[in-house]
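Mind the numbering: the sequence shown is residues 1084 to 1540 in the numbering used here, read in order.
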Amino acid sequence: MAKEPITYRIARVVVTATLRFYFRRIEVSAFKEIPKGPVIFAANHPQSITDTLVLGYAVGRMLHYIAHSGLFKNGLKAWFLRSCGVIPVYRPTDQEAGSRDNLEMFSACRAVLEEGGAIGIFPEGTSQVTPKVQPFKTGTARIALESESKHGFNLGVTIVPVGLSFESRRRFRSRVLVTFGQPVHMKVYKDAYARDSYETVHQLTHELEQRTRDLVLDIREASLADFVTRLERFYHDDLIQDPRIQLTSESDFENRQILIREIAKAVEHYRQKEPMLVEHLRVLLSAYTRRLSVFRLSDQQLRDYQAQSVPGTLGKLTAFAALGLPVAAYGLLFNIIPYKATGWVAKRLSPDGTKFHFFQLAVGAVFYLLYYPLLAYLVAQKVGVVWAGVWLLSLIPTGLFARWYAHQVTQQRGRLRVAFINATQKARLQSLRNARSELLAELETALERYLRYRQGT
């Protein structure tokens, strides 16, 4: 296996540190030990460039990515990408593309696999906003099968399907789940490829697409995406405690991803078998959500509320706010400018959200690397270098505390609001609770039938 270039090693250190700070946690779930030797990691593509960073981090070895040739037009950028092992691919729409260019791409990929290296590829081609796996292109299967064919199917190439699941498309300090599926061994396709290479490539492509769908949220009907998301938020806590739902992961985030994938499958099942039931549940959930909005409450606030007096709840909020305010105000004061500026720029550079994490990472790094040293220099003029250094080290933890504090105060204010409504409009609040119970009963009936269906298949 070729030695990793120094450019790649430096980039990996920087990217690893950045990802660990930007995301609260990147969790890795594997079918079994990730194979060594010549491997192609084929992943879904929800977050554009960020996907390459996260996948490389999770794999832990050098990945040679296949990237759109347009990224190589700038000389300096092309040098950096090639130094990091990136291989250009030419699409049919590229004016400069030719069959020779992509023959070179296939040759470069084959060389990587022959050296026991690893390739990262996103067979969907582009990122989409909808949580749906797009049809896979055949390039991944062609690279693997043609490489094996050149070596009599003795090269040992495997393709590992990978699912990338982001907790949020936009939120800083959110979580990511990287799920490695069962490896697909090319040797299994030796006889089929000898009989009909074209059909075998498409058969393998279809298998990879199906395996990837099983690893991520895949909502086949785009119009149901919002309903599935809202349904998961509403029903999650009840399902997580249901003994019929067997969740074996120690990670609550992974369990949540498993649940929402299963909810999407259940909704798709009923959409095909009983579309009127799906519409009925959607109407009920929308009506309940509208009633919540009248009170300016969330379902979680209503669900978690335990009867308390308004003075008692207000006292807890006041005490908490007073204790944390000095540190939170300090963190907010010295972080608000780059924090808000980063979000503002990222929103304008990625209006659809598929590149938001990347731009927030990149723009934030630039802003903070300029902002913090400038502040430290100004402070050093007043108190000296040592104290300026101590002060500088306090900015990140207090900034993170300010975010947490703001979230907690919002939660406490929600509890206070429920307590106030309970004291002044008890009958209306009870009516809302009854509506919630009725919706839960409808969902329980649908769940019971769906579980019986799953057991019978």
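Beta carbons: idealized from backbone N, C-alpha and C, even for Gly.
These numbers were taken from a predicted model, which means no experiment stands behind them.
In or out: residue i buried (at least 16 other Cβ within 10 Å) or exposed?
i: Asp1301; result: buried
i: Pro1456; result: exposed
i: Met1145; result: buried
i: Asn1237; result: exposed
i: Val1097; result: exposed
i: Phe1249; result: buried
i: Leu1526; result: buried
i: Arg1339; result: buried
i: Gln1178; result: In this prediction, Gln1178 scores a pLDDT of 48, lower than 50, which makes its location untrustworthy; the coordinate-derived value is nonetheless stated afterwards. Exposed is the call here.
i: Glu1521; result: exposed
i: Ser1477; result: exposed
i: Ser1306; result: exposed
i: Tyr1460; result: exposed
i: Arg1258; result: buried
i: Val1366; result: exposed
i: Phe1114; result: exposed
i: Lys1438; result: buried
i: Pro1129; result: buried
What span of residues does the alpha helix (DSSP H) with residue i cover, start to end?
i: Ala1448; result: Phe1439 to Val1466
i: Leu1102; result: Ile1089 to Tyr1105
i: Phe1310; result: Ala1308 to Ile1323
i: Pro1421; result: Val1393 to Leu1432
i: Ile1343; result: Asp1335 to Lys1356
i: Ile1132; result: Ser1131 to Val1142
i: Val1284; result: Ser1280 to Arg1296
i: Ala1518; result: Lys1509 to Gly1539
i: Lys1160; result: Gly1158 to Ser1166
i: Arg1386; result: Asp1382 to Asp1387
i: Ala1305; result: Ala1305 -> no alpha helix (DSSP H), and no H or E assigned at all.
i: Ser1232; result: Gly1222 to Lys1233
Apart from the five residues on each side of it in sequence, which residues of its chain come closer than 8 Å, Cβ to Cβ, to residue i?
i: Val1142; result: Ile1117, Phe1124, Ala1201 and Gly1203
i: Arg1296; result: Val1216
i: Thr1507; result: none
i: Leu1375; result: Ser1381, Asp1382, Leu1385 and Leu1515
i: Cys1192; result: His1147, Ile1149, Ile1170, Ile1202, Ile1226 and Ser1230
i: Tyr1536; result: His1352
i: Thr1213; result: Ile1302, Ala1305 and Ala1308
Sort the options by Cα distance to residue i and report the nearest one.
i: Val1545; options: Tyr1140, Arg1256, Tyr1091 and Ile1343; result: No answer is possible for residue 1545: it lies beyond the span of the chain, which begins at 1084 and ends at 1540.
i: Thr1101; options: Val1212, Ala1277, Ile1420 and Val1446; result: Val1446
i: Gly1139; options: Lys1156, Gly1158, Ile1109 and Gly1120; result: Ile1109
i: Gln1383; options: Val1501, Ser1190, Phe1249 and Phe1189; result: Val1501
i: Tyr1422; options: Ala1485, Thr1241 and Ser1369; result: Ala1485
i: Arg1256; options: Ile1504, Glu1531, Ile1479 and Gln1513; result: Ile1479
i: Gly1120; options: Ala1194, Pro1129 and Cys1167; result: Ala1194
i: Lys1220; options: Gly1436, Ala1126 and Lys1430; result: Ala1126
i: Pro1358; options: Gly1482, His1440, Glu1304 and Val1259; result: Glu1304
i: Ile1346; options: Asp1335, Tyr1371, Gln1538 and Phe1317; result: Phe1317
i: Ala1411; options: Arg1327, Asn1185, Val1271 and Thr1481; result: Thr1481
i: Phe1263; options: Asp1335, Val1245, Ser1280 and Leu1164; result: Val1245
i: Phe1205; options: Asn1505, Leu1367, Leu1291 and Ala1489; result: Leu1291
i: Arg1107; options: Trp1487, Gly1414, Thr1493 and Gln1494; result: Trp1487
i: Ala1529; options: Asn1505, Ala1510 and Lys1348; result: Lys1348
i: Ser1433; options: Gly1467, Thr1133 and Phe1336; result: Thr1133
i: Ser1210; options: Gly1158, Phe1155, Val1473 and Ser1131; result: Ser1131
i: Leu1512; options: Gly1398, Thr1396, Thr1493 and Val1377; result: Val1377
i: Asp1056; options: Ser1332, Gly1539, Ser1334 and Gln1495; result: There is no way to answer for residue 1056, as the model of the chain reaches only from 1084 to 1540.
i: Lys1356; options: Gln1491, Arg1532, Phe1310 and Leu1368; result: Arg1532
Which residue comes first and which comes last in the beta strand (DSSP E) that contains residue i?
i: Gly1246; result: Thr1241 to Phe1249
i: Glu1198; result: Element bounds for Glu1198: n/a, residue is neither H nor E.
i: Thr1262; result: Arg1258 to Phe1263
i: Arg1108; result: Arg1108 to Ala1113
i: Val1172; result: Ile1170 to Val1172
i: Leu1146; result: Leu1146 to His1151
i: Ala1126; result: Val1122 to Ala1126
Keeping to the same chain, check which residues put their C-beta closer than 6 Å to that of residue i; ignore five residues upstream and five downstream.
i: Thr1135; result: Tyr1148
i: Ala1277; result: none
i: Pro1266; result: Pro1118, Thr1241 and Val1243
i: Tyr1454; result: Pro1421
i: Ala1224; result: Val1284, Leu1287 and Thr1288
i: Asn1418; result: Gly1482
i: Tyr1371; result: Ala1518 and Leu1522
i: Pro1088; result: Ser1166
Which residues in the same chain have their Cβ closer than 7 Å to the Cβ of residue i, if we skip the five residues on either side of it in sequence?
i: Thr1425; result: Gln1443, Val1446, Gly1447 and Phe1450
i: Phe1503; result: Val1393
i: Arg1327; result: Leu1534
i: Ala1471; result: Ala1459, Val1462 and Ala1463
Using only the heavy atoms of the ligand HEM, determine whether one of them is closer than 6 Å to the beta carbon of residue i.
i: Leu1291; result: This structure lacks the ligand HEM; in fact it carries no ligand of any kind.
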